[in-house]
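Report on one structure; see the data block that follows.
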Amino acid sequence: MSSAMAPNVRGVAAPGRRTVFGMCGMCATRCPIEVTVEDGRVVWVQGNPNDKAMGSSLCARGGGGIPMEYDDERPQTPLIRTGPRGAGQWRRASWDEALDYICDKLRETIEAYGPRGIALSDRGGPFADLVKTFIQALGSPNYGDHDASCGRNAHNAARSLYGVGRAAVTFDLKNCKHIVLYGRNIVESLKVKEAKDFTAAMAKGMKCTYIDPRASITACKATRYWQARPNSDYALNLAIIHEVLKQEVYDKDFVEKFVSGMDYLREAVKDATPEWQEQHTGISAGELRAFVKEIATDAPNVIFHPGWMVARHKQSFYVSRTTLILNALMGSVEVKGGCILAKTPEDVGAKGLKKLADRAPKVKEPRADGAGTKYPQWDPAAGMLHQLFHAMETGDPYGVGAYFAYRHDPFTAMPDRGAVEHAFDKLKLLVAIDVRYSETAWYADVILPEATYLERANILAQNAGPRPNFSMRDQAIAPRYDSRPAWWIFREILRRMGPLAHAEALDFETIEELWDYQLEGTGVTVAQMREHGIVSLAPAAVITPRDKLKFKTPSGKIEIESENLKKAGIPSLAPYQPREALTGDRFNLLFGKVATLTHGQSLNNPLLNEFAPEQVLWIHPSRAKPLGIADGDEVEINGGGKYSAFIKAKVTPWIHPEAVFMLHGFGATIPLATRACGVGVADQRLQHGKLYDFDLAGGGNAMTETIVTIKPKAKGGAK
Ligand SMILES: Nc1nc2c(c(=O)[nH]1)N[C@H]1C(S)=C(S)[C@@H](COP(=O)(O)OP(=O)(O)OC[C@H]3O[C@@H](n4cnc5c(=O)[nH]c(N)nc54)[C@H](O)[C@@H]3O)O[C@H]1N2
Ligand SMILES: Nc1nc2c(c(=O)[nH]1)N[C@H]1C(S)=C(S)[C@@H](COP(=O)(O)OP(=O)(O)OC[C@H]3O[C@@H](n4cnc5c(=O)[nH]c(N)nc54)[C@H](O)[C@@H]3O)O[C@H]1N2
Ligand code: SF4
Ligand SMILES: [Mo]
12 MSSAMAPNVR GVAAPGRRTV FGMCGMCATR CPIEVTVEDG RVVWVQGNPN
62 DKAMGSSLCA RGGGGIPMEY DDERPQTPLI RTGPRGAGQW RRASWDEALD
112 YICDKLRETI EAYGPRGIAL SDRGGPFADL VKTFIQALGS PNYGDHDASC
162 GRNAHNAARS LYGVGRAAVT FDLKNCKHIV LYGRNIVESL KVKEAKDFTA
212 AMAKGMKCTY IDPRASITAC KATRYWQARP NSDYALNLAI IHEVLKQEVY
262 DKDFVEKFVS GMDYLREAVK DATPEWQEQH TGISAGELRA FVKEIATDAP
312 NVIFHPGWMV ARHKQSFYVS RTTLILNALM GSVEVKGGCI LAKTPEDVGA
362 KGLKKLADRA PKVKEPRADG AGTKYPQWDP AAGMLHQLFH AMETGDPYGV
412 GAYFAYRHDP FTAMPDRGAV EHAFDKLKLL VAIDVRYSET AWYADVILPE
462 ATYLERANIL AQNAGPRPNF SMRDQAIAPR YDSRPAWWIF REILRRMGPL
512 AHAEALDFET IEELWDYQLE GTGVTVAQMR EHGIVSLAPA AVITPRDKLK
562 FKTPSGKIEI ESENLKKAGI PSLAPYQPRE ALTGDRFNLL FGKVATLTHG
612 QSLNNPLLNE FAPEQVLWIH PSRAKPLGIA DGDEVEINGG GKYSAFIKAK
662 VTPWIHPEAV FMLHGFGATI PLATRACGVG VADQRLQHGK LYDFDLAGGG
712 NAMTETIVTI KPKAKGGAK
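Residue numbers (the working numbering): 12 to 730.
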């Protein structure tokens, strides 16, 4: 364990010790936390006990917060590039100097392309009001989030059916009798509350059907595991629906009242028999029939989890859609033990936070990525990042000259780094605002070090949910280096832009002043927020009674055939696209996460690095043997002939024969991050050609369609 780790001193009253409520920053779940500070040092972090579902729990990564804080391997002042992009030549700069540099380049950009030539992407989530306001105050529509390579397909699928996004469909695992997970690796790719609810429900007898071409830890906990062919879940779902309709085990009353498009559905699944799907998925027709009987017995306390990406291929939108349709057929929408739609403060009779974005004039320009215009099927609120990069690269529909990557590392998060580089090379200005040297930061013109989540306060967060709340991240300690909180950074840039920006939008002297603005009219005070860290706006989870249930779709019903999709020329349920059989040395490259690491950001963490597993390549024995590959052998993996690397083979029957699997988040290249640099292989670099290969309906990158070739490492071959 790192010497930077503080001992467990929580709970012992001592002079000079205090606790502060915050939100964990070790992944984007942002669990509520309580931080104990002694003599200006963080000595303990645990879950905020005021959040009942969370209790004092943290995950391993949350436990890596203190080592992150006391690690010196992070940018300590603003840095301005002195050599070519990516060469790692920097000079330290004062904040004045760095911000002036940025503003000069922003002016150049505005001169060349207008204000719409400025763009920013971030990690989405409850603080997005700040960055949206920043971009809007500069006069640009080009705010985007990370989601094109995360859950966009599931998000746009939920919008088309239920009229709300992915995050507004929540799951009552505690009261559920049977959950169906499509590659949703709920105990490893985890959120603390959800993982706790899942394990508690399993202990109480919940069944879990888990579908994944490889057996993750969730597969080991499941009551049924189906090793489906990669990217074939849509065929499976069409057949499940076929069988549900045939066995007439759907909730006729719910469907009649709340669902439209049943004839369209019957037509779409008419030939999708259990036998038909078997040839595509490898799942036996008999097992599928038995499953349908079982799930119908447990309905409506069943959840078909629409996943986060399921997986990431050109039909994953339809996987999510059919999954959400199955919930509707089971009548498990807006019931205990099923899917509960998130409530806003207004839905529960409270007043929401005042929006910062209301302080800047609306921007009327179309987005550069075409979300909501050229691609009406995509939610314009957060755009589609690959199409922003496309605009950067081509100038179509217009040029983009300045780009902020804020709490976002596109070189790691987006497929095909080479293609992203091409887009970035067209920029006049690339700024990374981060707490570490991300791969993107290393390529940037300016790195602005944000104060860490323990060293800063954020704007208040409003969280919709069955029980909506406001939550706070307060500052626990002073920044250890010359870093600043985001609200200060964005305010300062706007101020410096003079008449070219609406600086008044973020013109607050202190964070308390900003919080006061947000809380105006809500009846909640900053003092209350500080006392609890989280303030619930309803006494308990709110389930809308059936006689009041209405969906936010054009028809007010769950739209199996969506009016909006029809207008956009997108079929609501397309025919299943059969998958090519992969043989010889060709495999689908699958990837995923491990419980102790967050994406590419934590391999350099002094503590988490010690818990990081060795990155290996899962490969099935029936495919390894003919290639001359034995367990533990080094193999060469090649993506599109453009990038190849060496990795150790793990020969195991727990991966589908047509796929190989590796962990994401390895293969970092930054010499100043010594624990991660050069360790393992970057799966995103193997995803050659996938930046602009996406699901037209949902928008997400088709990353799990990556085909790699594998061969044994030549004896005495070069590394
Ligand atoms: N520890 C940890 N937890 C995290 C994160 C983290 O970085 N670390 N990140 C968070 C984030 S941002 C997210 S989006 C979630 C992601 O949560 P998940 O979506 O559950 O996470 P992944 O690890 O990406 O899981 C992908 C799984 O999908 C499987 N898979 C691949 N192709 C297919 C397919 O065609 N069909 C099916 N059914 N399965 C397939 C893979 O084999 C893999 O096991 O995790 C969150 N939680
Ligand atoms: N090949 C492949 N690609 C993937 C995935 C995969 O499994 N395989 N997973 C996908 C998924 S699900 C997602 S969500 C994305 C995630 O992609 P990203 O959103 O880019 O990843 P994160 O690791 O969450 O964090 C992004 C950056 O935020 C920085 N950061 C952390 N805390 C702070 C902070 O307090 N302030 C600031 N300013 N910066 C901070 C981190 O250091 C990191 O550089 O990647 C996606 N891309
Ligand atoms: S899931 Fe873990 S790392 Fe993520 S916010 Fe919660 S405690 Fe932190
Ligand atoms: Mo994600």
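For glycine and all other residues, C-beta sits at the position ideal for the given N, C-alpha and C.
With DSSP as the reference, label A679 as helix, strand or coil.
strand
Smallest Cα separation from K722: which of L707, V690, S655 and A679?
S655
Considering V646, what are the terminal residues of the beta strand (DSSP E) in which it resides?
E645 to G650
Are there any heavy atoms of ligand 3 lying less than 8 Å away from the beta-carbon of V203, as far as the coordinates show?
yes
Buried/exposed call for D558, threshold 16 Cβ in 10 Å
Within a 10 Å sphere around the beta-carbon of D558 sit fewer than 16 other beta-carbons, which makes this residue exposed.
Identify which residue in T40, G135 and I77 has its Cα closest to the Cα of K202.
T40
Taking the straight line between their C-alpha atoms, what separation do you get for D420 and T308?
45 Å
Tell me which residues share the same chain as H610 and place their Cβ nearer than 6 Å to its Cβ, disregarding the 5 neighbours each side in the sequence.
G676, listed in sequence order.
Is it right to say P95 is buried, meaning 16 or more other beta carbons lie within 10 angstroms of its own, or is it exposed?
exposed
Would you decide whether T685 is buried or exposed? Buried here means 16 or more other CB atoms lie within 10 Å of its CB.
By the neighbour-count rule (16 or more Cβ atoms within 10 Å), T685 is not buried but exposed.
Return the bridge partner residues of I569 from the DSSP annotation.
DSSP output for I569 lists V270 as bridge partner(s).
I need the boundaries of the alpha helix (DSSP H) containing T715, first residue and last residue.
Looking at the DSSP string, T715 is not in any alpha helix (DSSP H), and its letter there is neither H nor E.
Residues bridged to M673 (per DSSP)
Paired residue(s): F602.
Taking 8 Å as the cut-off, does the CB of P241 come closer than this to any heavy atom belonging to ligand 1?
P241: yes, Cβ under 8 Å from ligand 1.
Report the rounded CA-to-CA distance for D183 versus S343, giving the unit in angstroms.
10 Å
Does the separation of the CB atoms of T181 and L249 fall below 9 Å?
no
Exposed unless 16 or more other CB atoms sit within 10 angstroms - verdict on N712:
Around the CB of N712, 16 or more other CB atoms lie within 10 Å, so the residue is classed as buried.
So, at 8 Å on beta carbons, what are the nonlocal neighbours of A71 in its own chain, with the 5 sequence-adjacent residues on each side left out?
A606, T607, L619 and F622
Suppose contacts are defined by Cβ-Cβ distances below 9 Å. Is A3 in contact with L440 by that definition?
Here the chain covers residues 12 to 730 and nothing more, so residue 3 does not appear.
Along the chain, where does the alpha helix (DSSP H) that runs through D596 open and close?
Looking at the DSSP string, D596 is not in any alpha helix (DSSP H), and its letter there is neither H nor E.
By the DSSP assignment, the alpha helix (DSSP H) with L299 in it spans what residues?
A296 to D309
Relative to ligand 5, is the shortest distance from any of its heavy atoms to the C-beta of R134 smaller than 8 Å?
Among the ligands in the structure shown, ligand 5 does not appear; only ligand 1, ligand 2, ligand 3 and ligand 4 can be found there.
Just to confirm my understanding: we take N469, look at its own chain, exclude 5 residues before and 5 after, and list those with CB closer than 6 Å. What are they?
F138 and R484
Simplified DSSP assignment, three categories, for G710:
coil
Cβ of R72 versus every heavy atom of ligand 3: is any distance shorter than 8 Å?
yes
Using CA atoms only, rank isn't needed, just tell me which of R467, E515 and D518 is closest to A497.
R467
Proximity winner among A226, H324 and R590, relative to E289 (alpha-carbon distances):
R590
Whether L340 touches L256 by CB criterion (9 Å)
Remark: C-beta atoms of L340 and L256 approach each other more closely than 9 Å.
So if DSSP puts G155 in a beta bridge, which residue, or which two residues, is it bridged to?
S132
Give me, in chain order, the residues of the same chain whose beta-carbon lies closer than 7 Å to that of D596; leave out the 5 immediate sequence neighbours on both sides.
L638, T720, I721 and K722
Helix, strand or coil for D390, going by three-state DSSP, please let me know.
coil
C219: buried (16+ other C-beta within 10 angstroms of its C-beta) or exposed?
With 16 or more other Cβ atoms within 10 Å, it is buried.
Helix, strand or coil for V31? Go by DSSP, reduced to three states.
Of the three classes helix, strand and coil, the one that applies to V31 here is strand, per DSSP.
Please state the DSSP three-state secondary structure of D244.
In the structure shown, the three-state DSSP call for D244 is helix.
Taking L368 as the reference, which of V671, Q626, H667 and V142 has the closest Cα?
Sequence check: residue 368 is Ala here, not Leu. Answer by Cα proximity: V142.
Return helix, strand or coil for W319, following the three-state DSSP convention.
coil
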